[in-house]
Amino acid sequence: MKKTFLLFFLVTSTLIFAQNVSEDQYFTSEQMAVFPDGGIPHFRQLIAENFRPRKVKGKGIETCQLRFVIDRDGTITDIKAEGTNESFNKEAVLAISKIKTKWIPAKIEGITVRYMMRVPLTMDFN
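Residue numbers (this note's numbering): 21 to 146.
Put into structure tokens, the structure is as follows:
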């Protein structure tokens with residue numbers, strides 16, 4: 021029994037120490053990331069300008085949650101869209117990918133950090 025317990029302890033402790041720590045950590049910040057020249061309303065306008073509604077399959081109102089990271093240098097990375105219409109999600113991701121304007125990055129204690137943004141997107145295709 022002691023040998024079994026010792027073997028179990030050694031295996032689990034090795035597994036615990038072998039886990040990788042993710043470098044992608046997103047923080048709650050003291051100073052949020054800011055989109056220059058008009059803030060979020062201007063950012064939404066750019067999404068609408070870059071969006072290709074003809075590529076979306078389906079009719080009616082479509083929604084998705086856009087998640088992306090504002091990197092330390094202000095670039096948009098790790099763009100993902102969650103919604104029920106896959107073609108709408110794909111177009112939303114492409115629309116954001118086309119925006120090349122850099123954000124003013126978030127800060128914690130004066131140090132720029134990666135910051136995760138969530139933006140709801142709703143469009144009517146009637």
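C-beta atoms are modelled at their ideal positions from N, C-alpha and C, and glycine is treated no differently. Note that the coordinates shown come from a computational prediction; the quantities given were computed from them, not determined experimentally.
Review point. For the region 57–96, which segments carrying the beta strand (DSSP E) assignment without a break, of at least 3 residues, lie completely within its bounds, in sequence order?
Key: 81–90
Practice item. Please classify Glu111: does DSSP put it in a helix, a strand, or coil? Key: helix
Review point. Who are the near neighbours of Arg92 in its chain, counting only those whose CB is closer than 7 Å to its CB and skipping five residues on each side?
Key: Correct list, in chain order: Pro125, Thr132, Val133 and Arg134.
**Study point:** Close Cβ partners of Val139 (< 7 Å) along its chain, the five nearest in sequence each way excluded
**Key:** Leu86
Practice item. Compare the C-alpha of Phe145 against each of Arg72, Lys79 and Pro61 and name the closest. Key: Of the listed residues, the one whose Cα sits closest to Phe145 is Lys79.
Practice item. Just tell me which of Glu50, Ile90 and Glu69 has its CA closest to the CA of Met143. Key: Glu69
Check your understanding: Rounded to a whole number of angstroms, what is the C-alpha to C-alpha distance between Ala115 and Ile128?
Key -> For Ala115 and Ile128, the distance between alpha carbons rounds to 29 Å.
Review point. In angstroms, rounded to a whole number, what distance separates the CA positions of Asn105 and Ala53?
Key: 29 Å
Check your understanding: Going by beta carbon distance, what residues of the same chain come within less than 7 Å of Cys84, once the five residues before and after it are set aside?
Key -> Ala101, Glu102, Gly103, Phe108, Asn109, Ala112 and Leu141.
Check your understanding: Rounded C-beta distance between Thr95 and Lys122? I'm assuming under 8 Å.
Key -> 6 Å
**Study point:** Alpha-carbon spacing of Ile99 relative to Met137, whole angstroms
**Key:** Each residue's Cα considered, the two are about 10 Å apart.
Exercise for review: Using alpha carbons as the reference points, say which of Gly58, Gly130, Asp57 and Lys120 lies closest to Ile90.
Suggested key: Lys120
Check your understanding: Roughly how many whole angstroms lie between the Cα atoms of Glu82 and Pro61?
Key -> 19 Å
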